[in-house]
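Each residue of the sequence shown is one higher than the one before, starting from 28 at the first, in this note's numbering.
Accompanying notes for the structure given below.
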Amino acid sequence: MKFFVDTADIIEIKDLAATGLLDGVTTNPSIIAKSGRQFLDVIAEICSIVAGSVSAEVAATDYATMIKEAKKLATIAKNVTVKVPLTPAGLKVCKEMRSMGTTVNVTLCFSPAQAILAAKAGATYVSPFVGRLDDIGHDGMELIADIMNIYRQYPLFDTEVLVASVRHPNHIIQAARMGADVVTCPPKTLWQLFDHPLTDKGLKAFTEDWAKTGQTIL
Ligand code: G3P
28 MKFFVDTADI IEIKDLAATG LLDGVTTNPS IIAKSGRQFL DVIAEICSIV
78 AGSVSAEVAA TDYATMIKEA KKLATIAKNV TVKVPLTPAG LKVCKEMRSM
128 GTTVNVTLCF SPAQAILAAK AGATYVSPFV GRLDDIGHDG MELIADIMNI
178 YRQYPLFDTE VLVASVRHPN HIIQAARMGA DVVTCPPKTL WQLFDHPLTD
228 KGLKAFTEDW AKTGQTIL
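In structure tokens form, the structure reads like this:
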């Protein structure tokens, strides 16, 4: 399972990259707005920190403008993944960018039908939003199970399921149980994966007992 972080915060990205566990970064227009930075600059900087996929989302909704934006975003760095919405125009852009060798993340997926369309358009990643489904009383993880099952029936589909809108570690554990390819989540959620009270308690006891020996390793 690949870990992507859903942020444009450079300090957070550097901290997570230093763990060696970070495989990529996703952004969206809301995240860019929150960063207060120039979109193209911040994407270029992230691409220089992380070797893996960095999703940069188009802003237009019409095909003609979207394809121009997608082509421009793809020139920023080799590891840019162009992100497009799950609309007819977005999928048209997806198909065209894929034929040029650019990786594409199809976002705002909320149904199995939409996930089938993304795979047929040759998406590198499809991003179902689990948290936003949970928010309206649906079961976001049920959608992931459904998509994984559908994609398994068609070995020629090579679209990776990128679980997005992740709100807590349990979403990640459930996604892993289902064999989802990627999760993207806020930095805090990735750090939470380390947490267990028995790890803290055990480490405290080992440290205290080691001190009693009076020894040093170095
Ligand atoms: O970037 C897409 C997705 O992860 C957004 O998550 O928390 O805004 O629903 P959220």
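We treat Cβ as the ideally placed atom computed from N, Cα and C, and that holds for glycine.
It should be emphasised that the depicted structure is a prediction, and the values quoted were computed from it without experimental measurement.
Would a C-beta distance cut-off of 9 Å place Ala191 and Met28 closer than the cut-off?
For the purposes of this step, residue 191 is identified with residue 164 of the sequence shown, where counting begins at 1. For the purposes of this step, residue 28 is identified with residue 1 of the sequence shown, where counting begins at 1. No; because the gap between Cβ atoms is not below 9 Å, this pair is not in contact.
Where Ser192 falls: helix, strand or coil (DSSP)
Indexing the sequence shown from 1 puts residue 192 at position 165. The answer is coil: DSSP assigns Ser192 none of H, G, I, E or B.
Quick one: which unbroken beta strand (DSSP E) runs of 3-plus residues sit fully inside the region 191-233? Chain order, please.
209-212
Go through its chain and collect everything with a Cβ distance to Ala116's Cβ below 7 Å, but skip five positions before and after it.
Here residue 116 is taken as the residue at index 89 of the sequence shown, counted from 1. Residues Thr88, Asp89, Tyr90, Met93 of the same chain have their beta carbon placed closer than 7 Å to that of Ala116, with the five preceding and five following residues left out of the count.
Going by DSSP in three states, Ser75 sits in which element: helix, strand or coil?
Numbered from 1 along the sequence shown, position 48 holds the residue referred to as residue 75. Helix at Ser75.
Chain-order list of residues whose beta-carbon lies under 8 Å from that of Ala238 (same chain, five-residue window excluded):
As a working note, residue 238 is residue 211 in the sequence shown. Hits under 8 Å: none found.
Pro112 CB to nearest heavy atom of ligand 1 below 8 Å:
Indexing the sequence shown from 1 puts residue 112 at position 85. The closest heavy atom of ligand 1 lies 8 Å or more from the beta carbon of Pro112.
My output table needs one value for Asn55: the three-state DSSP class, helix, strand or coil.
In the sequence shown, counting from the first residue as 1, residue 55 sits at position 28. Here Asn55 sits in coil by DSSP.
For Thr130, the three-state DSSP class (helix, strand or coil)
The residue you call residue 130 lines up with position 103 of the sequence shown. DSSP places Thr130 in strand when its eight states are reduced to three.
Range of the contiguous alpha helix (DSSP H) that encloses Thr92:
Counting from one through the sequence shown, the residue named residue 92 turns up at place 65. From DSSP, the alpha helix (DSSP H) with Thr92 extends over 90-101.
Just to confirm the assignment, what range does the beta strand (DSSP E) spanning Pro155 have?
Within the sequence shown, numbered from 1, the residue matching residue 155 stands at position 128. Per DSSP, Pro155 belongs to the beta strand (DSSP E) from 152-155.
Per the contact definition of three or more C-beta pairs closer than 8 Å, is the region 178-187 in contact with the region 213-229?
no
First and last residue of the uninterrupted alpha helix (DSSP H) at Pro9
Lying before the first or after the last residue shown, residue 9 is absent from the chain, which here runs from 28 to 245.
Do you know how far the Cα of Leu144 is from the Cα of Ser75?
The count along the sequence shown starts at 1 and reaches residue 75 at position 48. The count along the sequence shown starts at 1 and reaches residue 144 at position 117. Here the alpha carbons of Leu144 and Ser75 stand approximately 32 Å from one another.
Verify whether the separation of the beta carbon atoms of Asp68 and Thr54 is less than 9 Å.
Position 41 of the sequence shown, counting from 1, holds the residue named residue 68. Position 27 of the sequence shown, counting from 1, holds the residue named residue 54. No, Cβ-Cβ distance for Asp68 and Thr54 is not below 9 Å.
Taking buried to mean at least 16 other C-beta atoms within 10 Å of its own C-beta, is Met127 buried or exposed?
Position 100 of the sequence shown, counted from the start, is the residue given in the question as residue 127. With fewer than 16 other Cβ atoms within 10 Å, it is exposed.
Rounded to whole angstroms, how far is the Cβ of Val85 from the Cβ of Val111, which I believe are closer than 8 Å?
In the sequence shown, the residue the question calls residue 85 occupies position 58. In the sequence shown, the residue the question calls residue 111 occupies position 84. The Cβ separation is near 6 Å, so the contact holds.
Report yes if the C-beta of Phe30 is less than 8 Å from at least one heavy atom of ligand 1; otherwise report no.
The sequence position of residue 30 within the sequence shown is 3, counting from 1. Checking every heavy atom of ligand 1 against the Cβ of Phe30, none is found closer than 8 Å.
Which partner residues does Phe184 have in the DSSP bridge list?
Taking the sequence shown and counting its residues from 1, the one referred to as residue 184 is at position 157. Residue pairing of Phe184 in beta bridges, as defined by DSSP: absent, with no partner found.
Around the Cβ of Leu230, are there at least 16 other Cβ atoms within 10 angstroms (buried) or fewer (exposed)?
Position 203 of the sequence shown, counted from the first residue, corresponds to residue 230. So Leu230 counts as exposed.
How would you call Ile244, buried or exposed, if buried means at least 16 neighbouring beta carbons within 10 angstroms?
Position 217 of the sequence shown, counted from the start, is the residue given in the question as residue 244. Exposed, by the Cβ-count rule.
If you measure from the CB of Gly246, is any heavy atom of ligand 1 nearer than 8 Å?
Absent from the structure is residue 246, since the part of the chain shown begins at 28 and ends at 245.
Do you know offhand how far Gly241's Cα is from Ala232's?
Numbered from 1 along the sequence shown, position 214 holds the residue referred to as residue 241. Numbered from 1 along the sequence shown, position 205 holds the residue referred to as residue 232. If I take the Cα positions, the gap works out to 15 Å.
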